[in-house]
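Below: one structure, written as structure tokens.
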Amino acid sequence: MFLHNLNSGPSILPRPVLEEAAAAIHNFNGTGLSILEIGHRTTHFMEVLEEAIQSVRTLTGLGDDYAVLFLHGGATTQFMQVPMNLLPQNGLAAYCDNGIWGNKAAKEAALFGTVDVVADSSDQKHTYIQKDLLVPDKASYLHITTNNTVEGTQWHQYPDVQVPLVADMSSDIFCRPTPFHQFDLIYAGAQKNMGAAGVNMVIIKKELLGKTGRAIPTIMDYQKHIAAGSLMNTPPVFAVYVSMLTLRWIIQEGGLAEMQRRNEAKARLLYDTLDSLPVFRPTVQREDRSLMNAVFFLQDPGLEASFLEQCKQAGMIGVKGYRTVGGCRVSMYNALPYSSVEAFCDLLRNFAAKHG
Ligand SMILES: *Cc1c(COP(=O)(O)O)cnc(C)c1O
């Protein structure tokens, strides 16, 4: 059976990326060695890392005032690493709580300083993005989550603030052209839209660093990683390699404008279909709907189990909603073909015809 991978993360990767990564496990670039066996300080790996960094620069258009790093861990590591590096001992940081990930990020930051939660959409179960922000001038930065993976909301216009802007872009990085220069620090766990789990991409405006006055453990210190060119210790070699291949794929396919064209077409088809079928109930406020993750419920919750069973039968993987949210969620990352969304929409219509 053909599988449609609608997983939220780790999630679908482009077929050619998987094929090249699989070949490199056996024989990397004709070296006769596996990508898993080569040294991280060899020219072979240095070229991989260099291409990954250059591709990020190509896609973001950011210059030398920003550093591009590939670091261990998931976005959750950045929840701690960001305040450790940016929040002074007695400082204050502003956070948006528009969903579970932003909420977690704020809690970690509170271990390092004072956190001012300047947006909170929990009154409506995070089905919208609270965009009216009162950010104190003295805040060291404002933290936003550009795409709320779990709740299915996305910022479509970023807040215009006077303090440095920090963003968790884990689930919508490189999904469309983005004014990257508006941000001072961007991080993304790779496993949603740009690669395999185990690596974070971090982009930092260098002038922001070195101002906290606190001792930072070496492995957590962005400045030391910058000085070492992401090679302070053994990086997650394979995960960096898969990111490099995915970034190369994005560029070869036509870059961010093409990703946007595809993602908007997929999202339009899915949301239009959901809106046209009263059996289903998309919960997110229209203007905040995510291109990447669509959350919806069945009007009759009693039908949910049978709907999910039909998805399974049809090879639709990953439709069940997040454990704390319930309902259904489908993820439409860059690599998901339009045909998978068409197949899913056929299933929605068939289900509605039987139960409408
Ligand atoms: C998945 C996700 C995370 C958590 O990532 P880990 O790699 O599991 O730490 C954080 N933020 C966002 C927006 C995510 O989508």
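Residue 755 in our numbering is what sits at position 259 of the sequence shown, and the numbering runs on without skipping anything.
Each residue gets a CB set at the ideal place from its N, CA and C atoms; glycine is no exception.
Because the structure is a prediction, the values reported are computed rather than measured.
*Taking buried to mean at least 16 other C-beta atoms within 10 Å of its own C-beta, is GLN687 buried or exposed?*
By 1-based counting over the sequence shown, the position of residue 687 is 191. Its Cβ being crowded by 16 or more others within 10 Å, GLN687 is buried.
_Per-residue DSSP class, three states only, for GLN620_ = Working through the sequence shown from its first residue, we reach residue 620 at position 124. Three-state DSSP puts GLN620 in a helix.
_Residues near PHE676 in its chain [Cβ-Cβ closer than 8 Å; skip 5 each side]_ = If you number the sequence shown from 1, residue 676 lands on position 180. Closer than 8 Å at Cβ, skipping near neighbours: THR556, GLY557, LEU558, ILE682, ILE699.
*Would you mind reading off the limits of the alpha helix (DSSP H) that contains ARG710?*
The count along the sequence shown starts at 1 and reaches residue 710 at position 214. Element bounds for ARG710: n/a, residue is neither H nor E.
*Can you list, in chain order, the stretches of the alpha helix (DSSP H) that have 4 or more residues and sit fully within the region 532 to 593?*
539 to 556, 571 to 582
*By how many angstroms is the C-alpha of LYS808 removed from the C-alpha of ARG819?*
The residue labelled residue 819 in the question sits at position 323 within the sequence shown. The residue labelled residue 808 in the question sits at position 312 within the sequence shown. Whole-angstrom Cα-Cα distance: 18 Å.
*Are three or more beta carbon pairs between the region 582 to 594 and the region 611 to 626 nearer than 8 Å?*
yes
*asked:* Please report the distance separating the alpha-carbon of SER666 from that of THR674.
replied: Stepping through the sequence shown from its first residue, residue 666 is reached at position 170. Stepping through the sequence shown from its first residue, residue 674 is reached at position 178. Their Cα atoms are separated by approximately 14 Å.
_In DSSP terms, what VAL695 is bridged to_ = What you label residue 695 is simply residue 199 of the sequence shown in a count that begins at 1. Paired residue(s): HIS568.
_According to DSSP, CYS824 sits in a beta bridge with which residue or residues?_
Locating residue 824 in the sequence shown gives position 328, where the first residue counts as 1. Note: CYS824 sits in a beta bridge opposite PHE792, LYS816.
_Beta-bridge partners of PRO774, as assigned by DSSP_ = For this step, residue 774 is matched to residue 278 along the sequence shown. According to DSSP, which records beta bridges pairwise, PRO774 is partnered with nothing at all.
*Comparing alpha-carbon positions, which option in ASN696, GLY823, LEU565 lies nearest PHE803?*
On the sequence shown, position 307 is the one that residue 803 refers to. The candidate whose alpha carbon is nearest that of PHE803 is GLY823.
*What are the partner residues of ILE640, as DSSP defines its beta bridges?*
Working through the sequence shown from its first residue, we reach residue 640 at position 144. Note: ILE640 sits in a beta bridge opposite ALA663.
*Would you list the one or two residues that DSSP bridges to LYS701?*
In the sequence shown, residue 701 corresponds to position 205, counting from 1. For LYS701, which the question treats as bridged, DSSP gives the partners TYR562.
*asked:* Could you check whether the region 831 to 850 touches the region 526 to 545, counting it as contact only if at least three pairs of C-beta atoms, one from each stretch, sit closer than 8 Å?
replied: no
*Could you please give the first and the last residue of the uninterrupted alpha helix (DSSP H) stretch that includes ALA520?*
Counted from its first residue, the sequence shown places residue 520 at position 24. Taken as a continuous stretch (DSSP letters only), the alpha helix (DSSP H) holding ALA520 covers 511 to 522.
*Helix or strand or just coil, what does DSSP make of GLY685?*
Residue numbering aside, residue 685 sits at position 189 when the sequence shown is read from its first letter. Strand at GLY685.
_Could you check whether the Cβ of TRP745 sits closer than 6 Å to any heavy atom belonging to ligand 1?_
In the sequence shown, the residue the question calls residue 745 occupies position 249. No, ligand 1 has no heavy atom inside 6 Å of this Cβ.
*So which of ALA606, ASN789, GLY691 has the shortest CA-CA distance to SER739?*
As a working mapping, residue 739 is identified with position 243 in the sequence shown. Here the closest residue by C-alpha is GLY691.
_THR730: CB within 6 Å of a non-hydrogen atom of ligand 1_ = The residue given as residue 730 occupies position 234 in the sequence shown. No, the Cβ of THR730 stays beyond 6 Å of every heavy atom of ligand 1.
*Could you give the distance in angstroms between the alpha-carbon of ASP656 and the alpha-carbon of VAL544?*
Within the sequence shown, the letter at position 160 stands for residue 656. Within the sequence shown, the letter at position 48 stands for residue 544. Cα-Cα distance, rounded: 35 Å.
*Delimiting residues of the alpha helix (DSSP H) encompassing HIS721*: By one-based count along the sequence shown, residue 721 stands at place 225. Residues 718 to 723.
*Could you pull the start and end residues of the alpha helix (DSSP H) that PHE734 belongs to?*
As a first step, residue 734 must be located in the sequence shown, where it is residue number 238. Looking at the DSSP string, the run of the alpha helix (DSSP H) that includes PHE734 is 733 to 749.
_Quick check: does the Cβ of ASP784 come within less than 6 Å of any heavy atom belonging to ligand 1?_
Sequence index remark: in the sequence shown, residue 784 carries index 288 (1-based). Result no, Cβ not under 6 Å from ligand 1.
*Over the uninterrupted alpha helix (DSSP H) stretch that includes GLY598, give me the two end residues.*
Working through the sequence shown from its first residue, we reach residue 598 at position 102. Here the alpha helix (DSSP H) through GLY598 covers 596 to 605.
*If you draw a straight line from the alpha carbon of GLY709 to that of PRO584, how long is it in whole angstroms?*
By one-based count along the sequence shown, residue 709 stands at place 213. By one-based count along the sequence shown, residue 584 stands at place 88. About 6 Å.
*Measure how close the beta-carbons of VAL821 and VAL780 come, nearest whole angstrom, since I'm counting them as under 8 Å.*
Start at 1 with the first residue of the sequence shown, and residue 821 comes out as number 325. Start at 1 with the first residue of the sequence shown, and residue 780 comes out as number 284. About 11 Å separates the two Cβ atoms, so there is no contact after all.
*Name the DSSP bridge partner or partners of VAL613?*
Indexing the sequence shown from 1 puts residue 613 at position 117. DSSP, once it has assigned bridges, lists TYR591 as partnering VAL613.
*asked:* ligand 1 and TRP651: does the residue's C-beta get closer than 6 Å to at least one heavy atom of that ligand?
replied: Looking up residue 651 in the sequence shown gives position 155. Outside the cutoff, so no.
*Is there contact between the region 635 to 648 and the region 594 to 611, where contact requires at least three CB pairs shorter than 8 Å?*
yes
*asked:* Once the 5 residues before and after THR554 are set aside, which same chain residues still bring their CB inside 7 Å of it?
replied: Here residue 554 is taken as the residue at index 58 of the sequence shown, counted from 1. The residues are ILE747.
_Quick check on ASP628: buried or exposed, where buried means 16 or more other Cβ atoms within 10 Å of its Cβ?_
Mapped onto the sequence shown, residue 628 falls at position 132. So ASP628 counts as exposed.
*Where ARG764 and GLN650 are concerned, what is the direct C-alpha to C-alpha distance, given to the nearest angstrom?*
Taking the first residue of the sequence shown as 1, we reach residue 764 at position 268. Taking the first residue of the sequence shown as 1, we reach residue 650 at position 154. If I take the Cα positions, the gap works out to 15 Å.
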